[in-house]
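Chains as they are written, first to last, in the UniProt record's numbering: chain A, 1 to 130; chain B, 1 to 524.
Reviewing the structure listed below.
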Amino acid sequence: MTEVVPPRPRVATFGGIAPGAAAPAPPAGPDFAAIHASPAFVALRGRFRRFVFGMTAVFFVWYLTYVLLAAYAKDFMATRVTGSVTVGLILGLLQFASTIAITACYLRWARSRIDPDVAAIRAAAQGVAR
Amino acid sequence: MILASEGVGNPTLNTAVFAAFVVVTLYVVYRVSSRNSSTADYYAAGGGFSGVQNGIALSGDFLSAASFLGIAGAIAINGYDGFLYSIGFLVAWLVNLLLVAELVRNTGRFTMGDVIAFRMRKRPVRAAAATSTLVISFFYMLAQMAGAGAVVALLLDVQSKAGQALVIAVVGLIMVLYVLVGGMKGTTWVQIIKASILILCVVLMTVFLLGKFGFSMTALLEEAAANNSKGEAVLEPGAQYGSSPLDFISLSLALILGAAGLPHVLMRFYTVPNATEARRSVVWAVGTMTVFYVSTLVIGYGASALVGSERILDSTGGVNSAAPLLAFEIGGTVLLGIVAAVAFATILAVVAGLTITASASFAHDVYAGIFRHGRADAASEVRVARITAVVIGALAIIGGILANGQNVAFLVALAFAFAASANLSTILYSLFWKRFNTTGTLWAMYSGLGSCLLLVFFSPVFSGSPNSIFSGADFALFPLSNPGIVSIPVSFVCGYLGTVLSSDKADEALQKEMEVRSLTGIGR
């Protein structure tokens, strides 16, 4: 079931409104392939992906656990902890707490582990372009 | 009926507070929008907002009538199951924070289409992006306008369907005016003003309610259970979805995965100057929304405790009127007037945000990107966007009149399912998967959108249950009222298959460029 794709006209891509080309690119724009291959960029990309994918897995599994408990373990969720406050209510509020915690954690991490490297790569790219 | 005889509020006062909001915001919109002729100004406010401002505007865009009226109502009637909406809507922002906001900000300029068409064949992908943007915006808008009808009925004491239709039309006209006069800059200021008032309002109500119950959650919950026809069941999961846990899971998936695919949320990331500010806006949005959603829990249970579930369901606005009725109960006519105005302003602002997104997508992706092959001049592109805004405004008014009375939070959850199915898979694949290509993009978007439309059409939403749109007929072949659990995986799988099975190759140079741009922001 492969789709027949006509050969693609490759000329017009940059002449037009290539998205992201905010300003008409200067004749010698940044060399994206070179930056892409540089060890600094490869390291940054690896570090970024490991962190965000890991964090995403953590909050997704935690959220799913909560949802499955609410769907299939109603008696457990209905257990009264103190007064009329149920386990379900507390777990729900913990979802709020974990969201705040993950946000704060990412903010701190990105500030120290991502932003300086991005700045360095940008500075290097500008130096070369000049 | 009962309410009319009890005289809930004072329509003149309600109208006056609302009119004051409109006048003030229109003045602000007029003042901030002196120069608005370039596409960057009209679509993205020239990228001139700070992260804090944009964060508050993001929560303004996101905290719609569904959040305020819908969730408060759902918690008041169904208790714990309504709380799920609050949790899903908030946790969803982590997807934006970690995977989407900064990368999208660095890669695109104005629309979602900019990102996903970056390294693909422009025309078919832009067409697909515009299609899904328009469908999602339309569903979302329908939900807001349906809410407007309910609020109008209750607060302005307009009982006749024709009268309500007239008020919906007026709301639609004001909204179009915001967009035409203010562009993205004006609309953003409307969101900021509205979000501030809304959050102030719910926080004050929450503090008051907690004070009334001696700051004891147990006292509040016990009173809520006592005055709810479902009794103690509202403190436990299952009051609404007890018979269909799968539906509950489907809804939860759509909620958490939908936010990052909503076109009007994505477009907000372009109004800030760089990725760090985009990150800061999400952080601020998470902060304000946490406050808001915790408050809705108290307000929802508070409405059940003080107003009672039966009175809410019997009122003119039905389930959506829990928050306004509670306001009347605790603060009389004046507080009701304020809550009325806030609810109205919420609807107005969110619909304005949706309108600018849909009009931008049509003008930028379809008109400039497809009809003019990317060679449209800025002035004509903005003109097309303005005309589109008027057309969309007209459609929203008609849709709102037709959808008048439907459950708001629920309709929004459907829009989330569309966003999660059609957009999220495509955005993530194109940002993170090297091999992803044009065929994969088209398969992912159209399969997600198509399966969603089909499943909703054959679901209990359309037929086969007393609350369906066509309650007389029964062609509900699909048992779940939210399609997310099926349509989201379908979209991811089709995106994968389309990529692997097709013969076209991903553009390697552009793929590398996109990776570098998205992470570092070089080139912007």
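By construction, the Cβ of each residue, glycine as well, lies at the ideal position given by its N, Cα and C atoms.
Query - Any non-hydrogen atom of the ligand COA within 7 Å of residue 522 of chain B CB - result: The model depicted lacks the ligand COA and carries no ligand whatsoever.
Requested in this report: Let me know if residue 513 of chain B comes out buried or exposed under the rule of 16 or more other beta-carbons within 10 Å of its beta-carbon.
Outcome: buried
**Report entry** Contact the stretch 312-326 of chain B vs the stretch 166-175 of chain B: 3+ CB pairs below 8 Å
**Finding:** no
Query - Residues near residue 23 of chain A by beta carbon distance below 8 Å, same chain, minus five either side - result: Bear in mind that a pLDDT of 47 at residue 23 of chain A, under 50, signals an unreliable position, so the model cannot answer this.
Report task. Tell me whether residue 115 of chain A is buried or exposed, calling it buried when 16 or more other Cβ atoms sit within 10 Å of its Cβ. Result -> exposed
Query raised in the report: Ends of the beta strand (DSSP E) at residue 81 of chain A?
Result: 80-82
Query raised in the report: With which residues is residue 309 of chain B paired in a DSSP beta bridge?
Result: Per DSSP, none; premise fails for residue 309 of chain B.
Query raised in the report: Closest to residue 76 of chain A by CA distance: which of A:89, A:33, A:93 is it?
Result: A:89
Requested in this report: Would you please state the rounded distance, in angstroms, between the beta carbons of residue 186 of chain B and residue 59 of chain B? I believe it to be under 8 Å.
Outcome: Going by Cβ atoms, the distance from residue 186 of chain B to residue 59 of chain B rounds to 18 Å, so no, they are not a contact pair.
Query raised in the report: residue 244 of chain B by DSSP, collapsed to three states: which one?
Result: coil
Query - In chain order, each beta strand (DSSP E) run of at least 3 residues that lies wholly inside the stretch 83-110 of chain B - result: none
Query raised in the report: So, is the C-beta of residue 512 of chain B closer than 8 Å to a C-beta in chain A?
Result: yes
Requested in this report: Starting from the Cα of residue 81 of chain A, find the closest Cα among B:142, B:91, B:218, B:479 and give me that residue.
Outcome: B:218
Requested in this report: List in chain order: all unbroken beta strand (DSSP E) runs of 3+ residues lying wholly within the stretch 343-374 of chain B.
Outcome: none
Query raised in the report: Excluding five sequence neighbours on each side, which residues of the same chain lie with their C-beta closer than 6 Å to the C-beta of residue 260 of chain B?
Result: 95, 96, 100, 424
Query raised in the report: In terms of residue numbering, what span does the alpha helix (DSSP H) encompassing residue 106 of chain A cover?
Result: 87-113
Query raised in the report: Going along chain B, which residues have a C-beta under 9 Å from residue 121 of chain A?
Result: 516, 519, 520, 522
Report task. Could you tell me whether the Cβ of residue 43 of chain B comes closer than 8 Å to any Cβ of chain A? Result -> no
Query raised in the report: Going along chain A in order, which residues have a C-beta closer than 8 Å to the C-beta of residue 361 of chain B?
Result: Near residue 361 of chain B there are no residues of chain A at all, since even the closest Cβ is about 13 Å away, more than 8 Å.
Report task. Consult DSSP for residue 295 of chain B and reduce its assignment to one of helix, strand or coil. Result -> helix
Requested in this report: Please say whether residue 151 of chain B and residue 344 of chain B have beta carbons closer to each other than 8 Å?
Outcome: yes
**Report entry** Cβ distance (whole Å) where residue 319 of chain B is taken to contact residue 312 of chain B below 8 Å
**Finding:** 7 Å
Requested in this report: Evaluate contact between the stretch 427-439 of chain B and the stretch 504-512 of chain B, counting only Cβ atoms and requiring at least three cross-stretch pairs below 8 Å.
Outcome: yes
Query raised in the report: Which same chain residues, not among the five before or five after residue 442 of chain B, have their C-beta less than 8 Å away from its C-beta?
Result: 124, 125, 128, 498
Query raised in the report: Counting only beta-carbon atoms, is residue 80 of chain B nearer than 8 Å to chain A?
Result: yes
Report task. Run the CB neighbour count on residue 200 of chain B, radius 10 Å, all protein chains shown included, and call it buried at 16 or more, exposed below. Result -> exposed
Query raised in the report: Does the distance from the CB of residue 76 of chain B to the CB of residue 413 of chain B come in under 8 Å?
Result: no
Query raised in the report: Near residue 339 of chain B, which residues of its chain fall below 7 Å by C-beta distance, leaving aside the five closest residues on each side in sequence?
Result: 201, 323, 324, 327
Query raised in the report: Excluding sequence positions up to five away, which residues of its chain have a Cβ less than 7 Å from the Cβ of residue 184 of chain B?
Result: 42, 43, 44, 45, 271, 356
**Report entry** Which of helix, strand or coil DSSP assigns to residue 252 of chain B
**Finding:** helix
Report task. Take residue 251 of chain B as the anchor and find which of A:110, A:63, A:87, A:120 has the nearest alpha-carbon. Result -> A:63
Requested in this report: For residue 472 of chain B, decide whether its Cβ has a neighbour in chain A, counting only Cβ atoms nearer than 8 Å.
Outcome: no
**Report entry** CB of residue 48 of chain A within 8 Å of CB of residue 519 of chain B, strictly
**Finding:** yes
**Report entry** residue 447 of chain B: first and last residue of the uninterrupted alpha helix (DSSP H) it sits in
**Finding:** 438-457
Query raised in the report: Does the beta carbon of residue 252 of chain B sit closer than 8 Å to a beta carbon anywhere in chain A?
Result: yes
**Report entry** Short CB-CB distance (under 8 Å) between residue 43 of chain A and chain B
**Finding:** no
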